[in-house]
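*Asks:* In order, the protein sequence lines correspond to chains D and P.
For the first sequence, the positions run 1 to 10 when the working numbering is used.
For the second sequence, the positions run 1 to 216 when the working numbering is used.
Beta carbons: idealized from backbone N, C-alpha and C, even for Gly.
Sharing a structure with you now.
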Amino acid sequence: ISEADAKDEL
Amino acid sequence: MNIFRFAGDMMHLLSVVVLLLKIHKMKSCAGISLKTQELYALVFICRYLDIFTGFISLYNTIMKIVFLASAFSILWYMRSHKVVRQTYDKDQDTFRHYFLILACMVLALLVHHKFTFREVMWTFSIYLEAVAILPQLVMLQRTRNIDNLTGNYVFFLGTYRGLYMLNWVYRYLTEVHYHHRWLTWISGFIQTALYADFFYYYVKSWRNNEKLQLPA
């Protein structure tokens, strides 16, 4: 799982 | 982005708009906890450290800027505006919020997905957001006359994380790489649960057409 994927929520 | 997530974000946005409306139009922050507002500003700073480096979408970037800017303008109004700051009930806002910050930081250092600066700060922001409403809830309980805008502000804020929970369930069921978020889920659940008591009295007062008042 990529870092960006995990941080796409606000 | 699914409908639950979008509706959640809109509720979050609405809560901020309602609060700014109260402060800007009524020139009053009566019943609003400065400590909760300080905690939210800290939450946004720590979570959005990647605002200029980690681009996800224009939507995400704009929302991050809006949340940061609104948090700081609320703080400015409550602390520096010559009329608004006099309506702040300092004596009712006595929650020891530094303990919350300390406890969340210790927990973030102990329980996280990855031990990097970014990740620990992000985790800290998740923990702190879950409990940031506590000073506000304590203040509401002490306030005899809760005005509609303050009540709606807290209601929208609670609804926001509730909708995020539905969003997590939806994503868990529909996305393949979406199974490692337990840390966010537990914090989000605790955050939503803290509002349960408030929701109960909010809905009750709304159905009975009465003024909202929390039992002491």
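Span of the alpha helix (DSSP H) holding R47 of chain P?
*Replies:* That run of the alpha helix (DSSP H) goes L34 to R47.
*Asks:* Please check the pair L49 of chain P and M121 of chain P, which I expect to be a contact at CB under 8 angstroms, by giving their CB distance rounded to whole angstroms.
*Replies:* About 6 angstroms; that satisfies the 8 angstroms criterion.
*Asks:* Are any of the Cβ atoms in chain D nearer than 8 angstroms to that of N60 of chain P?
*Replies:* Taking Cβ atoms only, chain D reaches closer than 8 angstroms to N60 of chain P, which makes this a yes.
*Asks:* Taking C-beta pairs closer than 8 angstroms, name the residues in chain D that R5 of chain P reaches, listed in chain order.
*Replies:* Correct list: E9.
*Asks:* Identify whether I56 of chain P lies in helix, strand or coil by the three-state DSSP scheme.
*Replies:* In the structure shown, I56 of chain P sits in coil (DSSP, three-state: anything other than H, G, I, E or B).
*Asks:* Do you know offhand how far W168 of chain P's Cα is from R142 of chain P's?
*Replies:* One C-alpha to the other measures close to 34 angstroms.
*Asks:* Need the endpoints of the alpha helix (DSSP H) that D197 of chain P sits in, please.
*Replies:* Element bounds for D197 of chain P: A196 to R207.
*Asks:* Taking a contact to mean a Cβ-Cβ separation below 8 angstroms, would you say T150 of chain P touches K22 of chain P in this structure?
*Replies:* Cβ distance < 8 angstroms, so T150 of chain P and K22 of chain P count as in contact.
*Asks:* Could you confirm whether any beta carbon from chain D is found closer than 8 angstroms to the beta carbon of M10 of chain P?
*Replies:* No, no contact with chain D.
*Asks:* Within 10 Å of its beta-carbon, does A132 of chain P have 16 or more other beta-carbons around it, so buried, or fewer, so exposed?
*Replies:* It is buried - the Cβ of A132 of chain P has at least 16 other Cβ atoms within 10 Å.
*Asks:* With DSSP as the reference, label V138 of chain P as helix, strand or coil.
*Replies:* V138 of chain P: helix per DSSP, three-state reduction.
*Asks:* Please check the pair E38 of chain P and L75 of chain P, which I expect to be a contact at CB under 8 angstroms, by giving their CB distance rounded to whole angstroms.
*Replies:* That belief holds up - the Cβ atoms of E38 of chain P and L75 of chain P are roughly 7 angstroms apart, short of 8 angstroms.
*Asks:* Hey, quick one: how far does the alpha helix (DSSP H) through D9 of chain P stretch, first residue to last?
*Replies:* D9 of chain P -> alpha helix (DSSP H) spans I3 to M26.
*Asks:* Return the CA-CA distance between F95 of chain P and S33 of chain P, expressed in angstroms with no decimal places.
*Replies:* Answer to the nearest angstrom: the Cα atoms are 9 angstroms apart.
*Asks:* For V217 of chain P, report the span of its alpha helix (DSSP H) as first-last.
*Replies:* Only positions 1 to 216 of chain P appear in the structure, and residue 217 of chain P is not among them; the question remains open.
*Asks:* My guess is that G31 of chain P and I146 of chain P are in contact by the Cβ rule of under 8 angstroms, so how many angstroms apart are they, rounded?
*Replies:* Indeed, because the Cβ distance is near 6 angstroms, the residues count as touching under 8 angstroms.
*Asks:* Tell me where the alpha helix (DSSP H) around T192 of chain P begins and ends.
*Replies:* That run of the alpha helix (DSSP H) goes W182 to A193.
*Asks:* Considering only C-alpha positions, which residue in the set P:V17, P:L109, P:M105 and P:I56 is nearest to F67 of chain P?
*Replies:* Closest by alpha carbon: P:V17.
*Asks:* Could you pull the start and end residues of the alpha helix (DSSP H) that T217 of chain P belongs to?
*Replies:* Nothing about residue 217 of chain P can be reported from this structure: the residues present for chain P run from 1 to 216 only.
*Asks:* Compare the beta carbon distance of Y164 of chain P and G54 of chain P with 8 angstroms and say whether it is the shorter of the two.
*Replies:* Taking 8 angstroms as the Cβ cut-off, Y164 of chain P and G54 of chain P do not qualify as a contacting pair.
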